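*Asks:* The structure under discussion is supplied below as structure tokens; questions concerning it will follow.
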Amino acid sequence: MSRLDSAIRRLTSQKIALEWAARKATRMNGIILELGLGNGRTYDHLREILPNREIYVFEREIAAHPDCIPEENFQFLGDFRDSLPRAKKRLGANSVLAHLDIGTGEKQASQQLAEQIGPLVLGLMKRESIIVSDQELTAWSYLRIDPPLNIPKDRIFIYNLV
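Read in the numbering used here, the sequence shown has 130 at position 106, and its numbers run on one by one without any break.
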């Protein structure tokens, strides 16, 4: 598979998963988390499909398209291991949807980061909330649910906090 085909498959899977999760999240009151703002594409899409929700973003350093940068009071900057505890103090466990787009292109480092921040993310989530991740979190295997049928196996990982 070419890198272009792989990117298209990844982005299509991400879109399908986020739209599925957003439909679930509309049944609950709470905030949305975007870990890994990147250039802002998924943040922008979340704003579109969840227009009346507060969306907090986490990023080491903002480098997104200017139209896709949230106001400063919706940003948590720095290493996730530092910013997530700050968010917990400020936001509490009031999130109904979290999107973890934390892959660095280096599989082992991405997996290690996911496992390290997993407990911190869980501390921000409400019961029955949904987490969509580009990385598998083995510690959350008991929370993992099947993604929508049109997402290739192990492309996106979805967790439901029952």
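Every residue gets a Cβ at the ideal spot worked out from N, C-alpha and C, and that includes glycine.
What you are looking at is a predicted structure, and each value in this text was computed from that prediction instead of being measured.
I need the boundaries of the alpha helix (DSSP H) containing H89, first residue and last residue.
*Replies:* From DSSP, H89 is part of no alpha helix (DSSP H); its letter is neither H nor E.
*Asks:* For S30, count neighbouring Cβ atoms within 10 angstroms of its own Cβ and tell me buried if that reaches 16, exposed if not.
*Replies:* Answer is exposed; the Cβ neighbour count stays below 16.
*Asks:* Using the three-state DSSP reduction, which class does R84 fall into: helix, strand or coil?
*Replies:* Reduced to three states, the DSSP call for R84 is coil.
*Asks:* So what does DSSP say about V120, is it helix, strand or coil?
*Replies:* Strand at V120.
*Asks:* By Cβ distance below 6 Å, which residues in the same chain neighbour D68 in space, the five residues on each side in sequence not counted?
*Replies:* Here the set comprises C92.
*Asks:* Considering only C-alpha positions, which residue in the set L28, A49, K39, L35 is nearest to L185?
*Replies:* It is A49.
*Asks:* Compute the Euclidean distance between the alpha carbons of V156 and H123, then round it to the nearest angstrom.
*Replies:* Whole-angstrom Cα-Cα distance: 5 Å.
*Asks:* Where do the N-terminal and C-terminal ends of the beta strand (DSSP E) with Q99 fall, by residue?
*Replies:* It spans 99-101 - the beta strand (DSSP E) in which Q99 sits, taken as one unbroken run.
*Asks:* So, does the segment 30-39 touch the segment 50-64, judging by three or more C-beta pairs under 8 Å?
*Replies:* As far as the Cβ criterion goes, the segment 30-39 does not touch the segment 50-64, which means the pair count is below three.
*Asks:* Count the C-beta pairs between the segment 142-151 and the segment 111-120 that are closer than 8 Å, then say yes if the count reaches three, no if not.
*Replies:* Contact between the segment 142-151 and the segment 111-120 is present, because at least three Cβ pairs lie under 8 Å.
*Asks:* Beta-carbon separation of I141 and R179 under 8 Å?
*Replies:* Not a contact, by the Cβ cut-off of 8 Å.
*Asks:* Nearest by alpha-carbon distance to G147: which of K113, G127, I40 is it?
*Replies:* Residue K113 is the option with its Cα nearest to G147.
*Asks:* Would you mind stating whether A46 and I175 have Cβ atoms separated by less than 8 Å?
*Replies:* No, the pair does not count as a contact, with Cβ atoms beyond the cut-off.
*Asks:* Mark E96 as exposed unless 16 or more other C-beta atoms lie within 10 angstroms of its C-beta, in which case mark it buried.
*Replies:* Exposed, since its Cβ has fewer than 16 Cβ neighbours within 10 Å.
*Asks:* Let me know the secondary structure DSSP gives S144 once reduced to three states.
*Replies:* Looking at the sequence provided, one finds Leu at residue 144 rather than Ser. If DSSP states are grouped into helix, strand and coil, L144 belongs with the helices.
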